[in-house]
């Protein structure tokens, strides 16, 4: 085994140990996380949820030897003054457990997981419950921690599911998470949208970044005037790669301006052909309100999360 394979194996074993211990953690927004931290005089982990969920520093005596060894072998532990800190976080979604980046997600190659991940999973679940056509091949674009890919793969064990991302760290996390879930029908590929994978798909899912991020962190920055650019690129490319009867399920956020939806206005020309049928709905009218205080959002009234589902009819 290579050094990277050994590290990935240790990360997998860590996840298995957490599952066996009964670990569960539901990940909140960064603002909620910050508020919880402010309640504490000195954040110091008292249990595994504090270490791997709340990303708190811990004393080495807190951690079982086996967990500490796996952390070291996986290369996901760092010194913080006289304490230690895990540089991987574990979050629950149903019976699945996902490794991803710790709080705060300030790194350029951070792998996101949060409330959007839960909403995205619910949108996919709802689509699959209404889909009766065969699902042979699917892809999760910008897979991150692999939420879309794993939800599809778990629901359709006979489908070939691809997980693509430009971020190698995201692909590492997705591969580990898929193996931890016992899903052998997920494959990871480094790709800018669909540029590096071939063929058509019966299902394309995507939860792209939709913020206008000053640091242009890949997991967060959507590009364009208000974060809509990547979602539109995904829509454009996905329409060309849908099989007959295939669907795109796009979960994204929209910065609403003066009562208008800039993403929907830009998407309509792409959806004008009678070869496609589509539905569009707001899932939550107001998320991440704190972003409106930041430069670039002066004209924005609210940020809504939406779901666009497009099906190739002919």
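Numbering (the UniProt record's numbering), first residue to last: 1 to 314. The C-beta atom is built at its ideal place from N, Cα and C for all residues, glycine as well.
Simplified DSSP state of residue i, which is helix, strand or coil
i: residue 100; result: strand
i: residue 190; result: strand
i: residue 92; result: strand
i: residue 58; result: strand
i: residue 271; result: helix
Unbroken alpha helix (DSSP H) run spanning residue i, endpoints
i: residue 234; result: 229-239
i: residue 180; result: 168-180
i: residue 165; result: Where residue 165 is concerned, there is no enclosing alpha helix (DSSP H), although the beta strand (DSSP E) it sits in stretches over 160-165.
i: residue 34; result: 30-38
i: residue 115; result: 115-130
i: residue 20; result: 3-20
One or two residues paired with residue i in a DSSP bridge
i: residue 260; result: 257
i: residue 204; result: 139, 248
i: residue 78; result: 85
i: residue 284; result: 305
i: residue 300; result: 257
i: residue 314; result: Looking at the DSSP assignment, residue 314 forms no beta bridge with any residue, so it has no partner.
i: residue 277; result: 311
Residue j beta carbon less than 7 angstroms from that of residue i
i: residue 128; j: residue 181; result: no
i: residue 255; j: residue 226; result: yes
i: residue 291; j: residue 263; result: no
i: residue 161; j: residue 185; result: yes
i: residue 99; j: residue 7; result: no
i: residue 18; j: residue 70; result: no
i: residue 105; j: residue 146; result: no
i: residue 84; j: residue 52; result: no
i: residue 300; j: residue 287; result: no
i: residue 164; j: residue 251; result: no
Proximity test, residue i beta-carbon vs the ligand SAM heavy atom, cut-off 6 angstroms
i: residue 177; result: Only the bare structure without any ligand can be found here, which leaves the ligand SAM out of the picture.
Does the stretch 238-258 come close enough to the stretch 296-314 to have 3 or more Cβ pairs within less than 8 angstroms?
Enough Cβ pairs lie closer than 8 angstroms, so yes.
Contact between the stretch 161-171 and the stretch 108-116: three or more CB pairs below 8 angstroms?
The stretch 161-171 is in contact with the stretch 108-116.
With three or more beta-carbon pairs closer than 8 angstroms as the criterion, would you say the stretch 202-210 touches the stretch 137-144?
Yes, they touch.
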